[in-house]
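J.: Chains as they are written, first to last, in the working numbering: chain D, 24 to 171; chain P, 16 to 302; chain E, 7 to 293; chain B, 776 to 1439.
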Amino acid sequence: MAIDYQPKIVGFMCNWCSYAGADMAGTSRMTYPPNIRVIRVPCSARVDALFIVKCFQQGADGVLVSGCHPGDCHYSEGNYHARRRFALLRELLDFLGIEKERFWVEWVSASEGKRFSRLVSAFTDELSRMGPRNTWGNQVDTTDQGQG
Amino acid sequence: MIQQIKDKAKELLDSGAVSCVIGYERASDGLTARPLFVYETEDVEKLIFDETCTHNLVKYLLNIKDKPTAIVVKPCDARALNVLLGEKQHQREKVNIIGEACPGVVETSWNKKGDDLEARCQVCTQHTPPIYDFLVGEPIEEPSPPSTFSDVADFEGKSAAERASFWAEQFERCIRCYACRNVCPGCYCTECQVEQVNPEWVSIRLTPEENLMWHVMRAFHLAGRCIGCKECERVCPVNIPLSLLNRKLQQEVLALFDFQAGIDEDTPAPLATFKKDEKLGIGEWHE
Amino acid sequence: MTPRVYAYYPGCTLHSTAKEYDVSARLVCQSLGIELRELKDWTCCGASSAHSTSDLLSIALPARELQAAEEMGLPLAVACAMCFSRLKFAIHELNDQATLGLVSDIIGGELRNTIEVVHLLKVLEEEKEDLPLKRPLTGLKVACYYGCLLVRPRDILDFDDEENPQIMDHLIEALGAQSIDWGFKTECCGASLPLTRKDIVLTLSHRILHQAKQLGADCLAVACPMCHSNLDTTQREIEAKYKDGVGLPILYFTQLVGLAMGFSPKQLLLNKHLTDPLPMLKEKELA
Amino acid sequence: MARIGVFICHCGTNIAGTVNIAEVLEAAKQMPNVAFVDDNKYSCSEPGQASIRDAIVANRLDRVVIGSCSPRMHENTFRRTVASAGLNPYLLEIANLREHCSWVHGDGKETTDKAIELVRKAVNKATHYEALFPKQIGLTKRALVIGGGIAGIQAALDIANSGYEVVLVEREPSIGGRMAQLDKTFPTLDCSACILAPKMVDVGQHPNITLLTYSEVQKVTGYVGNFEVEILQKAKKVDHKTCTGCGTCWQKCPEKVPSEFEVEMGERTAIYIPFAQAVPPKPVIDVDNCRYTKYLRFVEEGKEGKKPPQCRICERLCPTGAIDWEQQDQVITERVGAIVVAIGYQTFDPSAYGEYGGGRYPDVVTGLELERLMCASGPTEGEVVRPSDGAHPKTVVFASCVGSRDDRMGRSYCSKVCCMYMAKHAIMLKEHDPEVQCYIFYIDIRAGGKDFEEFARRAQEEAGAIYLRGRISKIYEDGKKLIVCGEDSLMGRPVEIAADLVVLATGMVPSDGAAELARTLNISYDSNNFLIEAHVKLRPVETQTDGIFLAGACIGPRDIPESVAQGSAAAAKLATLFSQDTLITDPLTAVVDAAWCVGCFLCQEVCPFNAIDSLVTDTRTVAVVNEGLCKGCGLCVADCRGGAIKLRGFSDQQLLAEVSALWR
């Protein structure tokens, strides 16, 4: 595989814990690879399973969903529901040829800037090691959803 | 046995308890079965039930929600009905369920009737409907459950790359006729997400990836709801092994949440509930 | 209804210093129609020494007994509290697959760790409703003394409350005797120290005997040979050392059951105790 | 076709240091729908905001994207900026170029590339933004306070004094709570009843306070500003309007039962007030024990055998004929705008401690029982005696951390007050009888509080209490004595003390029914059933549910001053809420498209806030969102198979737009 292969990562971060954790990583200047693009959502439970598939379909090599630690959900129960949803989706994706290692669901609290940066680094390393993901036949030409 | 159905249907129609009885009649090939809607008592005689009655009639019930209706169901169909009752799609009191104790149905196609039981019946562990108002035939002794997910296990034997290319090939063929959806008792949205343009989840481009998007959507929307009637696969004009996706999820739902769809109408669906202390292999990364 | 057949592990003491425990136990069980089949080729359970020298040894020794019981396919009944404790610990440790493998290699042959170990006290307590009493122990005040080994640690031995156990009390009450409520049921008697630190044994045993005497007990009921020897054999020294007349007969619960069921003191080897119970029993017209 | 303005902030060198702003601007120009791009040294500065404001007006921009610091930092600032230009504030999107990019990645091409992507992502999302308008909902300026202990009393008084009506619900026949049971309070040794009683009387007489004793909250519906509460008023069988509280009835009632207030160390009658200073000072009839109600039940159930006597003495003696046998339980419905939960605590039941006798020894008492024994109005009129034989104890041993800091009991937390009340007891016992010698087994002496350490010292130096560091291993009876065995871990040797009385310093546990009430209110509680505050440090008296506040020991172990402070704090929070005439709801909520809803009500099942109602249309029953309750988490949105629910500000379309903007 090419040395300069850079995995593409989408991150869905809940506004109250994980997005804040990412901010914390920033304020404490904890560097991590620039491969991740963070999409801000109110709660990990907001993330429809299909978003994940869409990301892969759009060419992502890995997707990271992150929310508050179990029990700390700002909406009290969201991450519990997310956990079930994504446990199933992970299996389904793997079944479709997207290895489990490409779809991480991890909890990061608002104070865990360090954890966030280490997590993203670890994920990026893992994906670099794995190389480009299996595609389902031809890559789609991605039209711009922006034309609303 | 058939007489039992006829008598019951007659009784229900005459008494005015129901306005329609949904059942099976002999198809015009004289060999297979097709759905029958009985409104008039004289049509009762057309009713049949045998190993050719493969269709899941529950789907039709969705079109006659308001009027009291009787329906002939096999155990698997009854499970679908349970799911729909749980999802408030029917009022129990408006549905009169004629349950069939069912030893299994055989492979059929136009003018053809196989000798072997359909694959789903070979692994079936429920031969008496979990719900009914009137049971036709004697309750059938349940056989000890065989390992029902060998097909899934076999497929998981393949490498990820093989799995991906397998589905790529399959979905290459998909023409998005949506027969799989239209036949599925679990699919009843007023406007299916796949056809929504705003947002456009799936483009109409017939690429394997877009098709896959659709099939994942279908499978996942049925997660914890699919009762494994395999109608989707039966009706697929290009023979995509669709139920494999459903069965994978069925297996996981059973393994992770110890849940089977349609066993009763009260147990909350696995994605509608949770356990605080379950781990599910999620959130286990440590530095 | 408790099982009527058990594999039986007497352990070393019941073949020597605690013969009366063994004899009375067998007598009582036999006449209740409970069959005790002694393990073939049994060895020491490791007692108080093995676990202080080698963890593995302390598991392997009792594992042999468990294996023997597995071969007989019977639950294993034990009379000695020490053996009971060691066996329970072994079972606990063997729940770890690695340990199980290791130990089976050491003792040779298959070991599945499927055996349930029960103490005779529990076996008889479950019979308490229908004991054929010929000579109810009316008027006899018994201090039930459980010792440590039977109850601690609770989560492994899973026998009875470690602070205020009740099983023996219930059994004794069922015999028509009165069990006194006291706080020393599970106090240490000095355990294996009589040879090395006699002073400690005297102190601890004295406290126990003193309390029992204070509360007007006529005798102590025990379920552990070691407790028995500590409490029975030290009484003269204690009385000398503390100028405190604590003399109390120390009887095995099996002997009391036997007595109530009408066996003679001779049959129950009541004469084997250093503190002779007969005068007290005669006075109570129980012998 | 949208006209989007993109503004990139240098944030001094914080962003510009590693991100090539010029390149980002160039790229932004090429992005779809972008009509204007500009940069600022500091966008959040007044001039920065002004230039954005002017640009919006000058270029007729209808969407704004700002590449700057985290939206968690300045989203509200920039929303105001946008609004000041006459644009709807929700037409703003922020690209997080600082925390998520310039600060965490080195100086290099990939950092600038990422910045560009983040901007494109924002632009794409903004394209799908629509104007949102906050809703105004009315609010009922009445408060409900649950629990009439000191915290609830304080809250009720403060709210009432700030001019709002309060409904105070207490499940016992009188307010006062635990504090009323205490003899003295540490560290000042004030008489507890003496400082509490006046407040109780104020509550009873306050024109703004409706006091509902002998009542429990049953059901709560609605949302902040508009709660509807069902309160079960248990039958008192006494008409409190006509009753004068003269006391004849409870003096003459022949039926004696153990008094809950006296921790069953004293008796009360079947018609009773729990204690002398009770508020209201009017009795209730305990129908489980009253002879006449027993008789009525007996007849009703048509039992065989001897009938209980038809006593009715209270009825005959009552000068105002206030006894009302017809009175039944009734449900009262109150509309309130906010709720204060102050349901307090109860003491740990030590019977689980077998080594302390598990409740078998009469002379092993709890701290609360000792309070009653020491109290002049208690069952012994303040004479400290042994429950077993009435003798005066000379040697008293205390066991600390009973049901606290003990994982065996599933209680790992510190109950906070025990160390101090043991010191108090030691001092008081010495005052009662100079011959008393106290021994206190402790793990640590936790005296963190004003004058607390001094007080604990006083117990040792003046009252001569002997502190032994270690746990008690066993207590047993030896004749009239209780032998206490323990370890003095500082001396490193076992100790035995022959005591006359042993006092177990039992810890604080949540009141019975705390979890049930929490579920009724839909607020969260921890594994110990203590209620959980919105933020343990910054929002200590609020909950995650708007309009519901907490105070006192129901949150966790608290002493009296803390509980009072929290009562006032909750009242202040509530008054702040009531100072508005209408409530502005965040428009970022879920909304159901009835046309697409199939009415499966999965959303209703999963919603943590009961925010989904059902709406019966001409043909179908569909889901509808109660925007007062919806917190905008989006759980239902993701679970809706039909895509019928949309989350404003985070719609499927908007998020998909973000995804599809990546890696172009």
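Glycine residues also receive a C-beta, built at the ideal position from the N, C-alpha and C atoms.
Suppose you measure from the CA of Ile1202 (chain B) to the CA of Ser1034 (chain B); what does that come to, to the nearest Å?
T.: The alpha-carbon atoms of Ile1202 (chain B) and Ser1034 (chain B) are separated by roughly 27 Å.
J.: Going along the region 100 to 113 of chain D in order, which residues come within less than 8 Å of chain P, judged by CB to CB distance?
T.: Those would be Glu100, Tyr103, His104, Arg106, Arg107, Arg108, Phe109, Ala110, Leu111, Leu112 and Arg113, in chain order.
J.: Going by DSSP, what residue range makes up the alpha helix (DSSP H) through Gly85 (chain D)?
T.: That residue, Gly85 (chain D), is in no alpha helix (DSSP H); its beta strand (DSSP E) goes Gly85 to Gly90.
J.: Let me know if His1310 (chain B) comes out buried or exposed under the rule of 16 or more other beta-carbons within 10 Å of its beta-carbon.
T.: Exposed, because fewer than 16 other Cβ atoms sit within 10 Å of the Cβ of His1310 (chain B).
J.: Can you give me the Cβ contacts of Leu274 (chain E) inside the same chain, cut-off strictly under 6 Å, excluding the 5 residues immediately before and after it?
T.: The residues are Ser30, Gln261 and Gly264.
J.: Pull up the CB-CB distance for Glu40 (chain P) and Leu62 (chain P), whole angstroms please, since I reckon it's below 8 Å.
T.: Right, the Cβ-Cβ distance comes to about 7 Å (below 8 Å), so this counts as a contact.
J.: Report buried or exposed for Ala246 (chain E), applying the criterion of at least 16 other Cβ atoms within 10 angstroms of its Cβ.
T.: By the neighbour-count rule (16 or more Cβ atoms within 10 Å), Ala246 (chain E) is not buried but exposed.
J.: If distances are taken between C-alpha atoms only, which option among E:Glu135, E:Ala293, E:Leu62 and E:Leu226 comes closest to Gly153 (chain E)?
T.: The residue with the shortest Cα to Cα distance from Gly153 (chain E) is E:Leu226.
J.: On a Cα-Cα basis, can you pick out the residue from P:Pro90, P:Ala85 and P:Cys189 that is closest to Glu248 (chain P)?
T.: Minimum Cα distance to Glu248 (chain P) is reached at P:Cys189.
J.: Could you check whether the Cβ of Gly44 (chain D) sits closer than 8 Å to any Cβ belonging to chain B?
T.: Chain B contact via Cβ: absent.
J.: Considering only residues of the region 1104 to 1165 of chain B, which uninterrupted beta strand (DSSP E) runs meet the minimum length of 3 residues and lie entirely inside it, listed in chain order?
T.: Listed in chain order, the complete beta strand (DSSP E) runs (minimum 3 residues) inside the region 1104 to 1165 of chain B are 1105 to 1111, 1113 to 1116, 1120 to 1122 and 1139 to 1141.
J.: What in chain P is Cβ-close to Val1412 (chain B), meaning under 8 Å?
T.: None at all; the shortest Cβ gap to chain P is about 12 Å.
J.: Would Val86 (chain D) and Cys78 (chain D) qualify as a contact pair, given that the criterion is a beta-carbon distance under 8 Å?
T.: Cβ distance < 8 Å, so Val86 (chain D) and Cys78 (chain D) count as in contact.
J.: Kindly indicate which three-state DSSP category Lys1310 (chain B) falls into: helix, strand or coil?
T.: At residue 1310 (chain B) the sequence reads His, which differs from the Lys that was named. Residue state, collapsed to three classes: strand.
J.: Got a sec? Which residues, its chain only, sit under 8 Å from Val253 (chain P) by beta carbon, not counting five neighbours each side?
T.: Result list for Val253 (chain P): Arg188, Cys189 and Ile190, in chain order.
J.: Beta-carbon of Gly49 (chain D) versus every beta-carbon of chain B: anything under 8 Å?
T.: For Gly49 (chain D), the answer is yes, since a Cβ of chain B falls inside 8 Å of its Cβ.
J.: Put Ser140 (chain D) into one of helix, strand or coil per three-state DSSP.
T.: Helix at Ser140 (chain D).
J.: Given this structure, state the Cα-to-Cα distance separating Arg1221 (chain B) from Arg1183 (chain B), to the nearest angstrom.
T.: Arg1221 (chain B) and Arg1183 (chain B): Cα-Cα distance of roughly 21 Å.
J.: Which chain D residues sit within Cβ distance under 7 Å of Leu221 (chain P)?
T.: Near Leu221 (chain P) there are no residues of chain D at all, since even the closest Cβ is about 11 Å away, more than 7 Å.
J.: Confirm, please, whether the CB-CB distance from Arg1333 (chain B) to Gly1342 (chain B) is below 8 Å.
T.: No, they are not a contact pair.
J.: Under DSSP, the beta strand (DSSP E) around Ile146 (chain P) begins and ends at which residues?
T.: Run containing Ile146 (chain P): none; DSSP gives neither H nor E here.
J.: For chain B, check one thing: does any of its Cβ atoms lie closer than 8 Å to the Cβ of Phe165 (chain E)?
T.: Phe165 (chain E) does not count as touching chain B.
J.: Cα-Cα, which of E:Asp111, E:Lys25, E:Leu38 and E:Leu126 is closest to Leu63 (chain E)?
T.: The shortest C-alpha separation from Leu63 (chain E) is found at E:Asp111.
J.: So is Pro93 (chain D) in contact with chain P if we call contact Cβ pairs under 8 Å?
T.: Yes, its Cβ sits closer than 8 Å to a Cβ of chain P.
J.: Is Lys137 (chain D) close to chain B? Criterion is C-beta to C-beta, closer than 8 Å.
T.: Cβ-Cβ to chain B under 8 Å: no for Lys137 (chain D).
J.: Which residues in chain P have a C-beta closer than 7 Å to the C-beta of Phe150 (chain D)? List them in chain order.
T.: According to the sequence displayed, residue 150 (chain D) carries Leu and not Phe. Within 7 Å Cβ-Cβ: nothing; Leu150 (chain D) doesn't reach chain P, min ~14 Å.
J.: Of all the CB atoms in chain P, is at least one closer than 8 Å to the CB of Asp1104 (chain B)?
T.: No, Asp1104 (chain B) lies away from the interface with chain P (no Cβ there is under 8 Å from its Cβ).
J.: Among the candidates P:Val138, P:Thr143 and P:Tyr147, whose CA atom is the shortest distance from the CA of Val303 (chain P)?
T.: There is no way to answer for residue 303 (chain P), as the model of chain P reaches only from 16 to 302.
J.: I want to verify the contact list: residues of chain B whose CB lies under 9 Å from the CB of Pro214 (chain P), in sequence order.
T.: Per Cβ cutoff of 9 Å: His903, Gly1418, Ser1426, Asp1427, Gln1428, Gln1429, Leu1430, Leu1431 and Ala1432.
J.: Using DSSP with H/G/I as helix, E/B as strand and the rest coil, what is Arg855 (chain B)?
T.: It is helical.
J.: Have a look at B:Gly881, B:Pro1125, B:Asp837 and B:Ala1350 and flag the residue whose alpha-carbon is nearest the alpha-carbon of Gly1185 (chain B).
T.: It is B:Pro1125.
J.: To be precise: take each residue of the region 1243 to 1272 of chain B, compare its Cβ to all Cβ atoms of chain E, and keep it if any distance is under 9 Å. Which residues remain?
T.: Flagged, chain order: Lys1249, Ile1250, Tyr1251, Glu1252, Asp1253, Gly1254 and Ile1258.
J.: Listing by chain order, which chain P residues have their CB less than 8 Å from the CB of Val128 (chain D)?
T.: Those are Ile297 and Gly298, listed as they occur along chain P.
J.: My understanding is that Ile32 (chain D) touches Thr147 (chain D), with C-beta atoms under 8 Å, so please give their C-beta distance in whole angstroms.
T.: Confirmed, Cβ separation roughly 7 Å.
J.: State buried or exposed for Gln170 (chain D), treating a residue as buried only when at least 16 other CB atoms are found within 10 Å of its CB.
T.: For Gln170 (chain D), the predicted structure reports a pLDDT of 39, less than 50, and the residue's modelled location is therefore unreliable. A value from the coordinates is still provided. Result: exposed.
J.: Which residues in the same chain have their Cβ closer than 8 Å to the Cβ of Gly881 (chain B), if we skip the five residues on either side of it in sequence?
T.: Cβ within range, chain order: Thr793.
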